[in-house]
Structure formats: C-alpha cells, structure tokens
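Position one of the sequence shown corresponds to residue 80 (this note's numbering), numbered consecutively onward. Below is one structure, written out as structure tokens; comments come after it.
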Amino acid sequence: MKPLKVLFKPEAIARRVRELGRQISRDFRGQTLDVVVLIDNGYIFMADLVRALDVPTRCHFIRTETRDITDPNTGKERKEIFYTPEIAAEDKNILLVDGVLQSGITTDFLLRRIYLHRPRTVKTVVCIDKPGERKVFLEPDYWAFRLASNSVVVGYGLSWDGLHGNLPYLGTWAAAPAAAPVKKVPAPPSRARAAKPKAKAKKGRK
C-alpha cells in the first residue's frame, strides 16, 4: 500500500479543536449541551472537543449501520440505515458530532429522527467536511477542516476497513485502496423487524 500523505498534523488538529470549543461555548453560554457522537468515526474528535467546551455537557454515543437489504419477494435491493440506541432529545440542546460528513444521507436521517423528539436546538459539528460528495442539501454548523477533493481520509478516529484510525494525524492516499465487499443481508419476511429485545433499531431509506 502506498504511504500516506499527511494533510493535517496533530498540532493543527488540536488548534482547530480548541477554536471550535471556544466558538461552541460562546454560542451555548449559560446552557447545558447534550453531545451526541456517531462513535465509529467521531469518538476521538468528540473526546477532544468536549474537553475544549466551557459549558455543562452530557455525552451520548450512538452507532449507525447502513445495510444492503434484498427483498426475498422481488429480488430488489435497497439501502437502509439502522441506529441504536434511541436519542432522548426532548427540550435539549443537541450537538451531533461526527468525524466526517460526506454524502450527508446518514446525518440527514439522524437529524430527522432527533427533530421528532422536539429538541430545543440542534447543531452539527464534524472534523472533516467534504461538500463535493454531498447527495442531500445539508451543511454542518461547525467544521474543523473542509476538503475539496474526494480522497479517502484516515487517522484521528477515521478508519479504512477498520484500520488507521489510531494515527495521530489526518492523512490520505494518492489513490484510494480497494474497499472491502459489502455483505448483503436478506430482508426478513415481515416489515415489523425493528423490535429487538436488547436494543432498539431505527431504519430509514438511503
């Protein structure tokens, strides 16, 4: 595999996180903030960001998964988004945190779910914003770095095929490595498949 090109060094990342912390703290001065992080890509960014905040903060963690579902009756495939646990957002100031914003489809789906619970305010913050890959009309309220290219970015919690997320910097390859094949999941016979005894899973079309 080709060596990584460093995009942003640890010092630059730390500086931007501190700046974001000051900006968000000003915007929510005198209020409590509920930080909701998409844990797969945003856990390191979120950990640094909340320590840079100067307002009372509660932290929540959610996991999302996009699956290719095959309808056994028609044979047609569709993508569905699942997430767990449910987000208790009523009358709260929600800050949705992710490591990277690309197509925006998953973030848009989560925002729609959050708004159903009647939050006081909802804001989004991402470490890397890639507006050139957007497939829905969505702009983050705060972002650390914005990239014009569609190259794969790894490090600082962002991984490729589960690897490289532990790197202290943000880097990229000149050409993206081959992606692992996506596992196709057959659809259950009934649409009432979201209820599971141990966790709630919500779904949405992608």
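Cβ atoms here follow ideal geometry from the backbone N, Cα and C, with glycine treated the same way. Since the model is a prediction, treat every value here as computed from it, not as a measurement.
- Task: Taking L83 and W222 to be in contact with their CB atoms under 8 Å, please state how far apart those CB atoms are, rounded to whole angstroms.
- Result: Counted from its first residue, the sequence shown places residue 83 at position 4. Counted from its first residue, the sequence shown places residue 222 at position 143. Distance from L83 to W222 at the Cβ level is roughly 22 Å; contact not present, criterion being Cβ atoms closer than 8 Å.
- Just the Cα atoms here: how many angstroms apart are N120 and R105? For the purposes of this step, residue 120 is taken as the residue at position 41 of the sequence shown. For the purposes of this step, residue 105 is taken as the residue at position 26 of the sequence shown. Straight-line Cα distance between these residues: approximately 26 Å.
- Item | Per-residue DSSP class, three states only, for F216 | Counting from one through the sequence shown, the residue named residue 216 turns up at place 137. If DSSP states are grouped into helix, strand and coil, F216 belongs with coil.
- Best match in G234, K214, I207, L132 for proximity to F107 [C-alpha to C-alpha]: Against the sequence shown, residue 107 aligns to sequence position 28. Answer by Cα proximity: L132.
- Minimum C-alpha distance to A227 - residue among G211, R95, L237: For the purposes of this step, residue 227 is taken as the residue at position 148 of the sequence shown. Of G211, R95, L237, the residue nearest in Cα terms is G211.
- Length-filtered (3 minimum) beta strand (DSSP E) runs lying within the stretch 119-185: 136-149, 156-163, 172-180
- Query: How close, in whole Å, do the beta carbons of T203 and L175 come, if the pair is a contact with beta carbons under 8 Å?
  - Reply: Walking along the sequence shown from the start, residue 203 turns up at place 124. Walking along the sequence shown from the start, residue 175 turns up at place 96. The pair is a contact, with the Cβ atoms about 5 Å apart (cut-off 8 Å).
- Own chain residues within Cβ distance below 6 Å of D208, not counting five before or after: Position 129 of the sequence shown holds residue 208. Around D208: L180, P219, W222, R225.
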